[in-house]
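**Student:** What follows is a single structure, and I will ask about it in a moment.
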Amino acid sequence: MNNFDAFAGPITKLIELNKAQFEKMAAAQQVAAKNYVELTEARIKAASGIKDPEAFNAFAKEQVELAQTGLEKVVADAKSLFEDTKAYNEEVLNLVKESTTAFTPKS
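Heads up, the final residue of the sequence shown is numbered 455 in the working numbering, and it's a clean run with no missing numbers.
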């Protein structure tokens with residue numbers, strides 16, 4: 349029974365790790381969706397205020413600036429996601445090693 353307990357321990361840890369990872373991803377997606385909705389509402393409001401060519405030019409300039417900062421955020425988020433995924437994969441590999449060690453025959 350000890351071998352099974354040693355094998356089940358890492359599986360339980362893996363389940364907990366997966367749950368935490370999925371919760372983290374879902375929370376990040378909720379925040380991103382909320383931010384996107386707020387940005388869209390603000391840009392619609394700004395667009396509705398365009399009354400002349402100068403206002404249109406100002407709006408277009410703001411859109412270009414938003415595109416640049418948006419791209420920078422995407423790059424930063426991608427780097428963060430890569431690091432999180434790398435750490436997650438390392439934890440999974442450690443758990444797999446731990447579980448296989450439990451079933452390695454002892455001489």
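The beta carbon of each residue, even a glycine, is placed where N, CA and C say it ideally should be.
(1) What do you reckon, are the CB atoms on Ala-426 and Phe-407 nearer than 8 Å?
(2) Return yes when the Cβ of Leu-441 is within less than 8 Å of the Cβ of Ala-358, no when it is not.
(3) Using only CA atoms, which one of Ile-392, Ala-375, Asp-400 and Lys-399 lies nearest to Gln-411?
**Tutor:** In short:
(1) no
(2) In the sequence under discussion, the amino acid at residue 358 is Pro, which differs from the Ala named in the question. No.
(3) Ile-392
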